[in-house]
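Chemist: Heads up: take any position in the sequence shown, counting from 1, add 59, and you land on the numbering used here. Take a look at the following structure, please.
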Amino acid sequence: MLHIPADIIQDMIAHARELAPHECCGILSGKQETVVESYRITNILANMSQQELSRFEGAKLSDLQRLSPEERADIAFQMDAREMAMAQRDIRTKNADLIGFYHSHTASPARPSQTDVTIAMEFEHYRTKLNLPEPLHLIISLENAESPDVRAYRIQDSQATEVSIQQSSV
Ligand SMILES: [Zn+2]
């Protein structure tokens with residue numbers, strides 16, 4: 060069970076709506092199973108044209124360029140590495156833990172896509188080397204515009220298992 064304050068859930072939904080039709084992304088931190096803070100991270104793909112993408116030679120896009128166009132559309136987000144590092148530094152300073160990552164699905168259900176699972180497994184490889192805590196993966200779906208759906212998953216051995224979310228009012 061993951062506990063998330065209602066205002067953080069509302070902020071993730073607002074973030075998803077602001078960026079639609081592009082996907083938003085961010086980081087959640089806290090203590091154990093309780094989220095305390097969220098960090099909006101710039102989706103560097105949101106403002107890049109296809110042409111810019113093909114010219115971009117940053118190491119973080121090298122994996123992306125290996126993907127087929129369908130797979131790339133399926134991910135549609137790439138967190139800004141500098142902002143991620145800043146968020147992680149802030150989390151350490153506050154003696155909190157990285158609890159998870161969130162991103163939006165603007166037109167599909169709040170379930171990890173095959174590409175989401177692949178990327179989570181790539182992160183697992185790197186995470187175990189760095190001895191970071193296992194993150195949860197949250198997805199905000201705007202498929203039903205009137206009632207956005209927010210769900211959390213643990214992704215291990217290429218299997219996504221849903222973790223229930225308890226919204227707290229404070
Ligand atoms: Zn996704």
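For each residue, glycine too, the CB sits at the ideal point set by N, CA and C.
1. Between N102 and chain D, is there a C-beta pair that is closer than 9 angstroms?
2. Indicate whether Q226 and A105 have their beta-carbon atoms separated by less than 9 angstroms.
3. On a CA-only basis, which of M60, L87, V176 is nearest I158? Give me that one, please.
4. Which residues neighbour ligand 1 when neighbourhood means a C-beta less than 5 angstroms away from any of its non-hydrogen atoms? List them by chain order.
5. Give the DSSP-derived three-state secondary structure of Q147 in the structure shown.
6. Helix, strand or coil, according to DSSP, for I67 in the structure here?
7. Which value, in whole angstroms, describes the spacing of the CA atoms of E82 and R213?
8. When DSSP labels each residue in this structure, what does E77 get in the three-state scheme?
9. Can you tell which of T220, D216, L197, T101 has its C-alpha closest to the C-alpha of H62?
10. Buried or exposed: where does M71 fall if 16 or more other Cβ atoms within 10 Å of its Cβ makes it buried?
11. On the criterion of 16 or more Cβ atoms from any shown chain inside 10 Å, does Q69 qualify as buried, or is it exposed?
12. Which residue comes first and which comes last in the beta strand (DSSP E) that contains K252?
13. Between A75, P192, N190, V95, which lies nearest to S228 when the distance is taken from Cα to Cα?
Modeler: In this structure, then:
1. In summary, chain D is missing from the structure at hand, where a single protein chain is found.
2. Looking up residue 226 in the sequence shown gives position 167. Looking up residue 105 in the sequence shown gives position 46. It is not a contact, given that the beta carbons lie outside the stated cut-off.
3. By one-based count along the sequence shown, residue 158 stands at place 99. Per the Cα distances, L87.
4. Those residues are S172, D175, given in chain order.
5. Position 88 of the sequence shown, counting from 1, holds the residue named residue 147. Of the three classes helix, strand and coil, the one that applies to Q147 here is helix, per DSSP.
6. One-based indexing of the sequence shown puts residue 67 at position 8. I67: helix per DSSP, three-state reduction.
7. Taking the first residue of the sequence shown as position 1, residue 82 is located at position 23. Taking the first residue of the sequence shown as position 1, residue 213 is located at position 154. Cα to Cα, the separation comes out at about 20 angstroms.
8. Here residue 77 corresponds to residue number 18 of the sequence shown, with the count starting at 1. Under the three-state reduction of DSSP, E77 is assigned to helix.
9. Counted from its first residue, the sequence shown places residue 62 at position 3. Distances from the CA of H62 to each of T220, D216, L197, T101 were compared; the closest alpha carbon is that of L197.
10. On the sequence shown, residue 71 is found 12 positions in, with the first residue counted as 1. Within 10 angstroms of the beta-carbon of M71 lie 16 or more other beta-carbons, which makes it buried.
11. Taking the sequence shown and counting its residues from 1, one reaches residue 69 at position 10. In the assembly as shown, Q69 is an exposed residue. Its beta-carbon has fewer than 16 other beta-carbons within 10 Å.
12. Outside the displayed span of the chain (60 to 229) sits residue 252, for which this structure offers no information.
13. On the sequence shown, residue 228 is found 169 positions in, with the first residue counted as 1. Among A75, P192, N190, V95, the Cα nearest to that of S228 is on V95.
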